[in-house]
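K.L.:
Under full-length UniProt numbering, residues 1 to 605 are what the sequence shown spells out, in order.
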Amino acid sequence: MNKQKKEAILSRFQYSSEDVIEKPFNWKQMLRLFSYLKPYRKKLLPLSIIMVMINTAVRLAIPILIGVYTLDQALAEKDASLLTTLVSVILALYLLSYGANYFRIKWMNTLGQNVIYDLRKHLFTHVQTLSHRFFDQRSAGSILVRILNDINSLQELFTNGIINLLMDMILLVGIFVILFTLSPELTLAVMVILPIMFFISTSLRRNIRRSWQTVRLKQSKLNSHLNESIQGIRVTQSFTQEKENMVFFDGVNTENFSSWKTASRKNAMFRPLVELTNAIGTAVLIWFGASLIQSGSLSIGEFVSFAFYLGMFWEPIGRLGMVYNQLLMGMASSERIFEFLDEKPIVAEKSDAISFKEMKGHIEFENTVFSYNEKRKALKGINLEMNAGETVALVGHTGSGKTTVANLISRFYDPTGGTVKIDGVNLKDVSLANLRSQISIVLQDTFIFSGTIGDNIRFGKPDATEKQVIDAAKAVGAHDFIQRLPNGYETEVEERGNILSVGERQLLSFARALLADPRILILDEATASIDTETEVRIQTALKKLLQGRTAIIIAHRLSTIRDADKIFVLDHGEILEEGSHDELMEQKGHYHQLVKAQFNMLDAG
Ligand SMILES: Nc1ncnc2c1ncn2[C@@H]1O[C@H](COP(=O)(O)OP(=O)(O)OP(=O)(O)O)[C@@H](O)[C@H]1O
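1. Can you check DSSP and say which residues form a bridge with Lys380?
2. Between Gly396 and ligand 1, is the CB less than 7 Å from at least one heavy atom?
3. Beta carbon of Asn109: closer than 7 Å to some heavy atom of ligand 1?
4. Measuring from each Cβ to the nearest heavy atom of ligand 1, keep the ones under 5 Å and list them in chain order.
5. Name the two residues that bound the continuous beta strand (DSSP E) containing Val192.
6. When the Cα atoms are used, what is the spatial distance from Ala564 to Asp524?
7. Quick check: Val215 and Ala263, are their CB atoms within less than 8 Å of each other?
8. In terms of alpha-carbon separation, which member of Met53, Leu576, Arg519 and Lys357 lies closest to Leu171?
9. Could you tell me the distance, in whole angstroms, from the CA atom of Gly330 to the CA atom of Gln155?
10. For Leu83 versus Phe158, is the C-beta spacing smaller than 8 Å?
11. Figure out for me which residue from Val569, Met585 and Gln231 has the closest Cα to the Cα of Thr403.
12. Take residue 608 and list the residues in its own chain whose beta-carbon comes closer than 7 Å to its own, dropping the five residues that flank it on each side.
13. Which runs of the beta strand (DSSP E) fall wholly inside the segment 236-276 and span at least 3 residues, in chain order?
14. If you follow the beta strand (DSSP E) that Leu45 is part of, which residue opens it and which one closes it?
15. Run through DSSP, which three-state label would Ala551 get?
16. Measuring alpha carbon to alpha carbon, tell me which residue in Asp517, His556, Ala555 and Leu320 is nearest Gln547.
17. Measuring only the C-alpha atoms, how far is Arg133 from Phe365?
18. Hey, is Leu82 close to ligand 3, as in C-beta under 7 Å from one of its heavy atoms?
19. When the distance is taken between beta carbons, is Ser183 closer than 8 Å to Glu275?
20. Apply the 10 Å Cβ neighbour rule to Ala551 and answer buried if 16 or more other Cβ atoms are within range, or exposed otherwise.
21. Nearest CA to the CA of Leu179: which residue from Ile575, Leu310 and Glu358?
22. Look at Leu186 and Gly251 and say whether their C-beta atoms are less than 8 Å apart.
23. What ranges does the alpha helix (DSSP H) occupy inside the segment 88-166, keeping only unbroken runs of at least 4 residues that lie completely in it?
24. Just to confirm the assignment, what range does the alpha helix (DSSP H) spanning Asp524 have?
25. Exposed or buried, what is Val177 when buried is set at 16 or more other beta-carbons lying within 10 Å of its beta-carbon?
26. Can you pull the DSSP bridge partners for Gly396?
27. Can you grab the Cα-Cα spacing for the pair Tyr372 / Ala378, in whole Å?
28. Is Val595 helix, strand or coil when you go by DSSP?
29. If you compare alpha carbons, which of Gln598, His225 and Ser509 is closest to Ser559?
30. In this structure, how does DSSP classify Thr181 when only helix, strand and coil are distinguished?
31. CA-CA distance, His225 and Phe249?
32. Is there contact between the segment 349-365 and the segment 503-516, where contact requires at least three CB pairs shorter than 8 Å?
33. Hey, would you say Ser305 sits closer than 8 Å to Gly67, going by beta carbons?
34. Out of Gly573, Lys23, Ile567 and Glu574, state which residue places its alpha-carbon closest to the alpha-carbon of Gln583.
35. Assuming Met359 and Ile422 are in contact, meaning their beta carbons sit under 8 Å apart, how far apart are those beta carbons, in whole angstroms?
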């Protein structure tokens, strides 16, 4: 494969990854994050803190008991009973520390899991309320990453991070005070290694941290590619692009591998360096400590206790570095989470929103303007009226604004100018849940949820009886194919209903819509993927489905809308013609042209 082709392949896939993994510390954001601890401030949090205190106190007490009391007093003075007491006390303290540690881990884990549960629930509940525009601007993958990965990355901070921070700070101060009390000169001498320790736990650690972050980014790129490859495998195979796909996969796989090699090489330096520094500290301790013992200003017991404490000193320093990492990563994750939480639904509900007691279904667009973005208007001030119970068809070229009209009726978006009214009420004044509960939309690409066929029909009316479900399926002609499935209505369909054909999925969505019994029904190109035989069969069923409600049919196949009460012809966001099929055919305008073009095409086919 030549270089030019290879470069073209490598630049084909663009993945936007959430590449900011850490952010500088920000107190305000930290406090907001910690506010999720509030529900646990009365029990779990204080109990865990008490356990940490007990554990830390025991750890600080034991070296003194071993060095100063056991060696210098019990052993030096050959006091057997003191020795027995000391051994028992040390044993009891270890047991106490074990118990405190057990409960600390248990309670902190519960606390951490609870916080993560609350945060995820809060985020998901909020995301569900957001308007279509929010989802237009983001990929499903990026939303998923925030709800899963970003929240998961806070888990470690809440389960271990915060409590370790507290424990390590107490430990560090405690050890330092004890070291200084035991021997100020020796303390100052061993602290010469502090700068090396400082270097290791800041720059080296930062360097290692960045390398692991690169690994994470490369991994997420690899995952995104894998996901896309598997989802698009049919297209890849049909265009025989497996080789090209492999070139790209090889590229991301190699990048991932090399980043991992770099990170683990740097990582391998860390431990030996810490141990080397410890060795320098120990050498200073022995050399200077021995001279202090010889001069009589330090006892053997004090020396031993000192050595114990010094050994303990590096542990919290190392861990604090880790918690600092977690905090910086927590900053980036929480910033992304809060960005979603602060997002307000653009289609907002008024506090005094009204509900339709009994919607009739009279729809009116008055000088309605709408644009998805500043660049272009999707609707340029349209006026249209659909009487209650009428079947209205919207036709026009691709991109003329038909779906946009349907989106405004369901109030997925608010018009940027003019109004949309149902039964004379401006939709901006209406309760969203009440409005949408009376509208059903059947899309060409029907979404089937994992669950049984029956559950999917019942989607808009979960309390429907089995008989109602079967009746709805029969009415739209879906009963036959459902019966042929291995478990009939109890057949499990996986995500998106892959085991069903596109037409079958549509029939299911008709049944779903019929069962929900809406006042307004929107069929968005709903019959486009049904074969002619099925189409004829469901035309009758459709008549039943449309009866007694306002129906808006968005159709490309004009043969399906001959019987519509009214047809609106849209073009570039404007209404060009309006009337019944016969009237419009007589006018010999745009509709007439569209019908003729389609007729010729079918004829040619
Ligand atoms: N979510 C969106 N964000 C930005 N622009 C959009 C969005 N949806 C549609 N548009 C644009 O708005 C215009 C009208 O789109 P609309 O979907 O209403 O057309 P349509 O008549 O239903 O087309 P089709 O028959 O192909 O479904 C088009 O130019 C389209 O590119």
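All C-beta atoms in this analysis are idealised placements derived from N, C-alpha and C, irrespective of residue type, glycine included.
P.N.:
For this structure:
1. For the purposes of this step, residue 380 is taken as residue 380 along the sequence shown, with counting starting at 1. Partner(s): Val369.
2. Along the sequence shown, one-based indexing puts residue 396 at 396. Yes; taking the cut-off as 7 Å, the Cβ of Gly396 has a heavy atom of ligand 1 nearer than that.
3. Here residue 109 refers to the residue found at position 109 of the sequence shown. Asn109: no, Cβ never under 7 Å from ligand 1.
4. Counting every residue whose Cβ lies closer than 5 Å to a heavy atom of ligand 1, we get Asp136, Tyr372, Ala378, Thr398, Gly399, Ser400, Gly401, Lys402, Thr403 and Thr404.
5. Counted from its first residue, the sequence shown places residue 192 at position 192. Here Val192 belongs to no beta strand (DSSP E), and DSSP marks it neither H nor E.
6. Residue 564 sits at position 564 when you count from the first residue of the sequence shown. Residue 524 sits at position 524 when you count from the first residue of the sequence shown. Ala564 and Asp524: Cα-Cα distance of roughly 15 Å.
7. As a working note, residue 215 is residue 215 in the sequence shown. As a working note, residue 263 is residue 263 in the sequence shown. Yes, Cβ-Cβ distance for Val215 and Ala263 is below 8 Å.
8. The count along the sequence shown starts at 1 and reaches residue 171 at position 171. It is Met53 whose Cα lies nearest to the Cα of Leu171.
9. Mapped onto the sequence shown, residue 330 falls at position 330. Mapped onto the sequence shown, residue 155 falls at position 155. Cα to Cα, the separation comes out at about 9 Å.
10. Indexing the sequence shown from 1 puts residue 83 at position 83. Indexing the sequence shown from 1 puts residue 158 at position 158. No, they are not a contact pair.
11. Counting from one through the sequence shown, the residue named residue 403 turns up at place 403. Nearest of Val569, Met585 and Gln231 to Thr403, Cα basis: Val569.
12. Outside the shown range of the chain (1 to 605) lies residue 608, about which nothing can therefore be said.
13. Entirely contained in the segment 236-276, not one beta strand (DSSP E) run reaches 3 residues.
14. Taking the sequence shown and counting its residues from 1, one reaches residue 45 at position 45. Not the beta strand (DSSP E): Leu45 falls in the alpha helix (DSSP H), residues Leu44 to Ile64.
15. Translated into the one-based positions of the sequence shown, residue 551 becomes position 551. Strand, per DSSP.
16. For this step, residue 547 is matched to residue 547 along the sequence shown. Minimum Cα distance to Gln547 is reached at Asp517.
17. Residue mapping note: residue 133 aligns to position 133 of the sequence shown, counting from 1. Residue mapping note: residue 365 aligns to position 365 of the sequence shown, counting from 1. Looking at the two C-alpha atoms, the distance is approximately 21 Å.
18. Ligands present in the displayed structure are limited to ligand 1, and ligand 3 is not among them.
19. Within the sequence shown, residue 275 is the residue found at index 275, counting from 1. Within the sequence shown, residue 183 is the residue found at index 183, counting from 1. No.
20. Taking the sequence shown and counting its residues from 1, the one referred to as residue 551 is at position 551. Classification of Ala551: buried, given that the 10 Å Cβ count is 16 or more.
21. Position 179 of the sequence shown, counted from the start, is the residue given in the question as residue 179. The option with the nearest alpha carbon to Leu179 is Leu310.
22. The residue given as residue 186 occupies position 186 in the sequence shown. The residue given as residue 251 occupies position 251 in the sequence shown. Not in contact: Leu186 and Gly251 (Cβ atoms no closer than 8 Å).
23. For the segment 88-166, whole alpha helix (DSSP H) runs of length 4 or above, ordered along the chain, are 132-136, 140-145 and 151-156.
24. Here residue 524 corresponds to residue number 524 of the sequence shown, with the count starting at 1. Careful: Asp524 lies outside any alpha helix (DSSP H), inside the beta strand (DSSP E) at Ile520 to Asp524.
25. Locating residue 177 in the sequence shown gives position 177, counting from the first residue. The residue is exposed, with fewer than 16 neighbouring Cβ atoms inside 10 Å.
26. Translated into positions along the sequence shown, residue 396 becomes position 396. Answer is Leu570, bridged to Gly396.
27. Working through the sequence shown from its first residue, we reach residue 372 at position 372. Working through the sequence shown from its first residue, we reach residue 378 at position 378. Taken atom to atom, the span from the alpha-carbon of Tyr372 to that of Ala378 is near 7 Å.
28. In the sequence shown, counting from the first residue as 1, residue 595 sits at position 595. Helix.
29. As a first step, residue 559 must be located in the sequence shown, where it is residue number 559. Ranked by Cα distance from Ser559, the first of Gln598, His225 and Ser509 is Gln598.
30. Taking the sequence shown and counting its residues from 1, one reaches residue 181 at position 181. In this structure, Thr181 counts as helix in the three-state DSSP scheme.
31. If you number the sequence shown from 1, residue 225 lands on position 225. If you number the sequence shown from 1, residue 249 lands on position 249. Their backbone Cα atoms lie some 7 Å apart in a straight line.
32. Contact between the segment 349-365 and the segment 503-516 is not established, with fewer than three Cβ pairs separated by less than 8 Å.
33. Counting from 1 along the sequence shown, the entry for residue 305 is found at position 305. Counting from 1 along the sequence shown, the entry for residue 67 is found at position 67. For the pair Ser305 and Gly67, the CB atoms are nearer than the 8 Å cut-off.
34. Against the sequence shown, residue 583 aligns to sequence position 583. Correcting the residue identity first, residue 583 is Glu in this sequence and not Gln. Per the Cα distances, Ile567.
35. The count along the sequence shown starts at 1 and reaches residue 359 at position 359. The count along the sequence shown starts at 1 and reaches residue 422 at position 422. Confirmed, Cβ separation roughly 7 Å.
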